Amino acid sequence: MSFLAKNYNRRKIAFKRGKGSYLYSTDGKKYLDFVQGIAVNSLGHANPNLIRAINKQSKNVWHVSNAFIIPEGEKLAKRLTQKTFADYVMFQNSGVEATEASIKIARRYFYSIGKPKKNRILCIKNSFHGRTLATIFASGSKKMTEGFGPKVDGFDHFQFGDHKSLKKAITNKTAAIMVETVLGEGGVKTIPDWCLRELRKICNKKKILLILDEVQCGVGRSGKFFAFEYSKVKPDIVPIAKGIGGGFPLGAVLMNKKVAFGMTPGTHGSTFGGNPLAMSIGNAVLDQIFKKNFLKNVQKISKYFHSELNKIKMDYPKLIKEVRGMGLLIGLQLFKDQTNFIKRLEYNKLLTIRAAENVIRILPPLNVKKSEIDIAIKIIRKVCKEFN
Numbered sequence: 008m009s010f011l012a013k014n015y016n017r018r019k020i021a022f023k024r025g026k027g028s029y030l031y032s033t034d035g036k037k038y039l040d041f042v043q044g045i046a047v048n049s050l051g052h053a054n055p056n057l058i059r060a061i062n063k064q065s066k067n068v069w070h071v072s073n074a075f076i077i078p079e080g081e082k083l084a085k086r087l088t089q090k091t092f093a094d095y096v097m098f099q100n101s102g103v104e105a106t107e108a109s110i111k112i113a114r115r116y117f118y119s120i121g122k123p124k125k126n127r128i129l130c131i132k133n134s135f136h137g138r139t140l141a142t143i144f145a146s147g148s149k150k151m152t153e154g155f156g157p158k159v160d161g162f163d164h165f166q167f168g169d170h171k172s173l174k175k176a177i178t179n180k181t182a183a184i185m186v187e188t189v190l191g192e193g194g195v196k197t198i199p200d201w202c203l204r205e206l207r208k209i210c211n212k213k214k215i216l217l218i219l220d221e222v223q224c225g226v227g228r229s230g231k232f233f234a235f236e237y238s239k240v241k242p243d244i245v246p247i248a249k250g251i252g253g254g255f256p257l258g259a260v261l262m263n264k265k266v267a268f269g270m271t272p273g274t275h276g277s278t279f280g281g282n283p284l285a286m287s288i289g290n291a292v293l294d295q296i297f298k299k300n301f302l303k304n305v306q307k308i309s310k311y312f313h314s315e316l317n318k319i320k321m322d323y324p325k326l327i328k329e330v331r332g333m334g335l336l337i338g339l340q341l342f343k344d345q346t347n348f349i350k351r352l353e354y355n356k357l358l359t360i361r362a363a364e365n366v367i368r369i370l371p372p373l374n375v376k377k378s379e380i381d382i383a384i385k386i387i388r389k390v391c392k393e394f395n
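Sequential numbering of the sequence shown, starting at 8, is according to the numbering used here.
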């Protein structure tokens, strides 16, 4: 009997150890893990560089308080700003905290310039920004908000790809547009580069902020540090998490100088956010991702993966509808419910996870080997043959 609350529908499998792209179950089976904690273990399981970093820092100091200067956090923030659009960073523990903080930053900015009524955030309907009360209502999903009333106000929505409804939804109370650059939970749908550029133009024209949620698609998963870099736009605020900690709880909000103006002492806080242990691991993750050719290799190997998946799609056109995504955030959309397909992949020792719109989400570590992708392709082909 489990004494855990039943808010998760857990698979009947547990693991005793992991190494790189693989997990080893308690009953001795070896699985190719293309979930990686849902895009969290960016460098795979038991990465030796991260182990060294956590061991070293654990012998010094784990936690102090943001009442004091934390050198490890100063270093990580500097590196992030040097490599991105951002001028300032605010550390959190998770993606939802980073997203929630992004909402606060946007509202606080307009408050600080004398426009307190400009406080509504415009989001894509049925997107995913986390599971706090504010972020479930930001996501605009009836399923996620059911039973959690009263409604948290301050959010408006438009349909994915519907530019007319987007423009119509902007009012004189709109503070920001917040979208995921690649909708992960929502079906691994990529917002096209031209669309991101149009969003930036709209925000400039309306004098509102652009928040690009890169909690899942950021930190190298797209083949660039941020997925929006392909469009060459510069957002105002970007929440990140998942991959930046390589498996350790870590989130952050990156922001430009303009919006950071409103974040004065006392406007936001986090007991554990930016703790020395998390910061040391974040720096160790960046050591790997910022290495020469690391992101180019992500681009190269993901291009190969997408190509091989599209070959399977061509061979099984009545089963696979579309290969979606960007970099190593991949969605395999089926014509029918994907549940049994995912179960058969697991039976054949390949772990994947679902997303909306009958999509199978595939999330290998960023340092996955070509030989491991070949194994995954072989398994997917085998399962397709079973379902054909």
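Beta carbons: idealized from backbone N, C-alpha and C, even for Gly. Bear in mind that the values here come from a model prediction, so they are computed numbers and not experimental data.
Every unbroken beta strand (DSSP E) inside the stretch 79 to 152 [3 residues or more]: Listed in chain order, the complete beta strand (DSSP E) runs (minimum 3 residues) inside the stretch 79 to 152 are 95 to 99, 127 to 131.
- Item | Entirely enclosed beta strand (DSSP E) segments - the stretch 11 to 93, minimum 3 residues | DSSP runs (the beta strand (DSSP E)) wholly in the stretch 11 to 93: 22 to 26, 29 to 32, 37 to 40.
Please classify A12 as buried or exposed, where buried requires at least 16 other C-beta atoms within 10 Å of its C-beta. Note on A12: under 16 other CB atoms within 10 angstroms of its CB, so exposed under the neighbour-count rule.
(request) Might you give, ordered along the chain, the residues of its own chain that have their beta carbon closer than 6 Å to the beta carbon of Y237, omitting 5 neighbours on each side? (result) Same-chain partners within the cutoff: D200.
- Query: Within this structure, are the beta carbons of F143 and I128 separated by less than 8 Å?
  - Reply: Residue identity check: residue 143 is Ile in the sequence provided, not Phe. With respect to I128, I143 sits apart: the two C-beta atoms are not nearer than 8 Å.
- Message: In whole angstroms, give me the CA-to-CA distance for F301 and K175.
- Response: Going by C-alpha positions, F301 is about 42 Å away from K175.
Using a Cβ-Cβ cutoff of less than 7 Å, which residues in the same chain neighbour E192 once the five nearest sequence positions on both sides are dropped? Same-chain partners within the cutoff: F135, A362, A363.
* Asked: Between the stretch 116 to 132 and the stretch 279 to 299, do three or more beta carbon pairs fall short of 8 Å?
  -> Touching, no.
Quiz item: Identify the residues that DSSP records as bridge partners of H313: which are they?
Solution: None; H313 has no bridge partner.
CA-CA distance, G35 and T359? Roughly 19 Å between the two C-alpha positions.
Check R204 in the structure and name its three-state DSSP category. The answer is helix: DSSP assigns R204 an H, G or I state.
For P246, count the other beta carbons within 10 Å of its own beta carbon; 16 or more makes it buried, fewer makes it exposed. Which is it? Buried is the call here.
- Task: Have a look at V42, K19, N14, S9 and flag the residue whose alpha-carbon is nearest the alpha-carbon of G25.
- Result: Among V42, K19, N14, S9, the Cα nearest to that of G25 is on V42.
What residues are listed by DSSP as bridge partners for E236? Residue pairing from DSSP leaves E236 without any beta-bridge partner.
**Prompt:** Between D94 and K264, is the Cβ-Cβ spacing less than 8 Å?
**Reply:** Note that the C-beta distance between D94 and K264 is below 8 Å.
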